[in-house]
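Numbering (the numbering used here), first residue to last: 46 to 735.
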Ligand code: MOS
């Protein structure tokens with residue numbers, strides 16, 4: 046029997062729910078450890094004039110205050126956000142201006158609160174808009190896509206279209222809120238740096254932090270045994286890591302440093318606000334003749350992050366004339382970065398809302414409109430899809446949801462004080478694999494030891510790696526002892542881009558298969574075992590050029606309170622075609638979690654920019670709303686059995702992000718159906734409906 050496909054429970058599940066699992070802030074002997082607390086800038090731009098260090102150093106228990114005056118030098122690695130405490134210039138509100146280090150957490154926090162910082166404040170510019178005078182075209186968009194694409198004559202085709210729409214859709218700044226805020230424990234041992242870090246990539250952390258401190262990546266030892274979520278915010282080191290390492294260096298002691306929930310919104314990366322101007326044209330049969338997606342987003346002055354908002358539009362639907370553009374403005378704001386499905390998530394909200402509006406304008410069922418625009422090959426890359434079953438997802442979803450009974454007329458179904466509506470949208474996310482390495486050892490007692498510097502951010506990747514190894518070795522999963530998230534283990538890619546399982550599983554499979562071959566040559570196993578290490582650089586470089594994407598379809602019912610404008614979502618259905626599913630129990634949680642996050646994006650989540658303060662004003666869960674249990678009623682998830690031989694040896698496409706893509710559009714489409722009101726600026730708060 047195959048271990049892949051079994052609904053195994055997480056290996057570390059009991060440790061986690063009983064509190065025995067150690068996270069980055071919990072891993073060291075308390076009495077030997079100092080506590081760092083970040084002090085953040087209260088101005089947006091300008092410079093620090095003075096910091097009242099002496100008064101704070103006089104407090105009992107305060108050990109040191111690190112500022113730009115005494116911080117060790119960091120190398121310029123091209124990421125100004127990480128070059129913390131190097132000068133007196135302030136580039137965004139919330140930027141670290143000092144770290145207070147004390148014998149206890151309470152002392153550090155109190156000392157940070159009373160630390161006086163005086164500033165000279167400058168002018169600032171914090172508001173992104175498609176009319177901004179400093180918009181520019183970045184060289185590439187995240188991670189390395191072309192900025193613009195043009196095929197055919199879009200404007201001519203739009204002018205000639207039988208049906209067309211031209212609307213702009215916006216998404217606000219959205220904040221990553223993993224359960225565990227960023228945290229680092231740092232200690233220098235001679236020229237070596239020991240880090241326990243809450244990260245999605247213990248390999249990338251070692252390299253980047255090494256570069257910052259001018260030491261080789263091998264001199265930085267990173268462990269991340271348990272990580273309480275990330276969503277992209279821990280996909281590369283954020284200021285907490287160099288701040289902790291600086292604090293450890295200057296005191297010569299072990300230092301712990303964590304963000305509070307309130308610090309997350311300025312120091313962890315967030316989803317940029319986006320505006321997408323969508324123009325679609327169709328012929329009399331509802332076949333798209335033109336697709337235009339112009340995307341606008343922001344970055345900071347310290348680091349260029351260019352959200353690839355229009356990227357998914359390049360691969361979704363057939364149309365002979367097409368154009369996508371990305372324009373960016375560098376503002377005096379914290380740096381936006383990855384947040385679950387960067388690009389696809391806001392971009393598909395726009396495209397799938399626009400498709401729904403086009404369907405209404407053309408009088409065609411939304412599923413039928415998408416069916417008529419199904420491409421045979423990737424319309425921009427002009428290569429085949431490795432597999433594409435959007436139609437299968439829409440058909441199965443329609444069946445599960447009961448789409449056939451839908452009355453397409455808007456605002457036609459009123460039940461007491463409720464307007465009821467249904468909507469659907471498509472989902473997509475690229476299927477990627479990155480080079481990784483793994484080591485496996487056959488021990489004389491019949492057990493196997495597997496090691497890979499992958500991280501398990503709560504998704505269950507440790508468990509899935511063991512399942513994959515069990516199949517490759519043809520043994521029971523219980524015969525394998527697995528170690529992950531330690532940079533002494535073979536280098537592995539980040540837990541991001543929904544690519545962890547494919548990337549790491551490929552290396553694990555290769556190492557295990559090679560070990561089996563060496564075992565079959567009849568060697569006796571020595572006491573320290575027989576070890577094989579494998580990397581997948583060659584295999585991944587040799588991948589055929591294909592368009593590899595997972596697809597899905599989401600269906601939503603909404604009830605809109607006609608008096609208050611409140612939107613309630615009694616049910617969501619998601620059907621996905623994402624290749625082979627490794628572990629149904631874990632996969633279901635991933636899909637439901639992402640659809641829930643999409644529900645939050647649709648209805649609740651918004652970073653409220655205070656243009657006078659120069660910052661997002663809602664820095665906590667009291668003011669930044671995410672779905673609570675009462676908001677999540679009935680989310681049903683299924684997937685299709687999809688065979689795709691062009692993926693990794695395990696045959697999966699990745700499932701971490703696709704569930705959030707399309708969810709917000711499906712809600713918005715259902716609200717438009719319920720009420721006749723099209724909300725084009727998320728979130729759909731009550732005031733937009735009454
Ligand atoms: Mo995800 S935003 O690639 O961690």
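Glycine included, every Cβ here is placed at the ideal spot set by N, Cα and C.
{"Item": "According to DSSP, is residue 400 part of a helix, a strand, or is it coil?", "Value": "helix"}
{"Item": "Beta carbon of residue 280: closer than 8 Å to some heavy atom of the ligand MOS?", "Value": "yes"}
{"Item": "Let's test the definition: count the other Cβ atoms within 10 Å of the Cβ of residue 393 and tell me whether it reaches 16, buried, or not, exposed.", "Value": "buried"}
{"Item": "Indicate the three-state DSSP secondary structure (helix, strand or coil) for residue 245 in the structure shown.", "Value": "coil"}
{"Item": "Counting by C-beta, which residues lie closer than 7 Å to a heavy atom of the ligand MOS, in chain order?", "Value": "245, 275, 276, 277, 280, 383, 384, 385, 386, 387, 540, 541, 542, 543, 701 and 702"}
{"Item": "Are any of the Cβ atoms in chain B nearer than 9 Å to that of residue 73?", "Value": "Among the chains in the structure shown there is no chain B, since it carries only a single protein chain."}
{"Item": "Please report the residue range of the alpha helix (DSSP H) in which residue 634 lies.", "Value": "629-648"}
{"Item": "Counting only the same chain and skipping the five closest in sequence on each side, list residues whose C-beta sits under 6 Å from that of residue 711.", "Value": "468, 469, 470, 599 and 601"}
{"Item": "Determine the burial state of residue 638: buried for a count of at least 16 other Cβ atoms within 10 Å of its Cβ, exposed for fewer.", "Value": "buried"}
{"Item": "Could you check what DSSP says for residue 286 in three-state terms: helix, strand or coil?", "Value": "helix"}
{"Item": "Please state the DSSP three-state secondary structure of residue 323.", "Value": "strand"}
{"Item": "DSSP three-state call for residue 384: helix, strand or coil?", "Value": "coil"}
{"Item": "Counting Cβ pairs, one atom from each stretch, are 3 or more of them under 8 Å apart for the segment 84-92 and the segment 142-159?", "Value": "yes"}
{"Item": "Distance, Cα to Cα, residue 179 vs residue 606?", "Value": "42 Å"}
{"Item": "What's the gap between the Cα of residue 476 and the Cα of residue 698?", "Value": "5 Å"}
{"Item": "Taking residue 361 as part of the alpha helix (DSSP H), name the residues at either end of that continuous run.", "Value": "358-361"}
{"Item": "Which whole-angstrom value is the C-beta distance of residue 557 and residue 518, which I expect to be below 8 Å?", "Value": "5 Å"}
{"Item": "Taking DSSP as the reference, what is the three-state secondary structure of residue 205?", "Value": "helix"}
{"Item": "When we look at the beta-carbon of residue 70 and count the other beta-carbons within 10 Å, is it buried (16 or more) or exposed?", "Value": "buried"}
{"Item": "Just how far apart, CA to CA, sit residue 676 and residue 325?", "Value": "33 Å"}
{"Item": "Return helix, strand or coil for residue 602, following the three-state DSSP convention.", "Value": "strand"}
{"Item": "Between residue 190 and residue 438, how many whole angstroms is the CB-CB distance? I'm expecting something under 8 Å.", "Value": "Not quite, the Cβ-Cβ distance comes to about 24 Å (not below 8 Å), so this is no contact."}
{"Item": "Here's the rule: buried if 16 or more other CB atoms are within 10 angstroms of the residue's CB, otherwise exposed. What is residue 400?", "Value": "buried"}
{"Item": "Do residue 318 and residue 276 have their C-beta atoms within less than 9 Å of each other?", "Value": "no"}
{"Item": "Can you tell me where the beta strand (DSSP E) with residue 565 in it begins and where it stops?", "Value": "No beta strand (DSSP E) holds residue 565; the alpha helix (DSSP H) holding it covers 545-565."}
{"Item": "Where residue 692 and residue 619 are concerned, what is the direct C-alpha to C-alpha distance, given to the nearest angstrom?", "Value": "23 Å"}
{"Item": "Does DSSP put residue 469 in a helix, a strand or coil?", "Value": "strand"}
{"Item": "Which whole-angstrom value is the C-beta distance of residue 171 and residue 654, which I expect to be below 8 Å?", "Value": "7 Å"}
{"Item": "Would you mind giving the Cβ-Cβ distance between residue 167 and residue 91, rounded to the nearest angstrom? I have them listed as a contact below 8 Å.", "Value": "4 Å"}
{"Item": "Whole-angstrom Cβ separation of residue 228 and residue 243, contact assumed at under 8 Å?", "Value": "5 Å"}
{"Item": "Is residue 76 helix, strand or coil when you go by DSSP?", "Value": "helix"}
{"Item": "Counting pairs of beta carbons, one from the segment 714-734 and one from the segment 608-615, are three or more of them closer than 8 Å?", "Value": "yes"}
{"Item": "Looking only at C-alpha atoms, which of 187, 461, 579 and 208 sits nearest to residue 406?", "Value": "208"}
{"Item": "Under the three-state reduction of DSSP, which class applies to residue 733: helix, strand or coil?", "Value": "helix"}
{"Item": "By a C-beta neighbour count over all protein chains shown, 10 Å radius and 16 as the cutoff for buried, is residue 680 buried or exposed?", "Value": "buried"}
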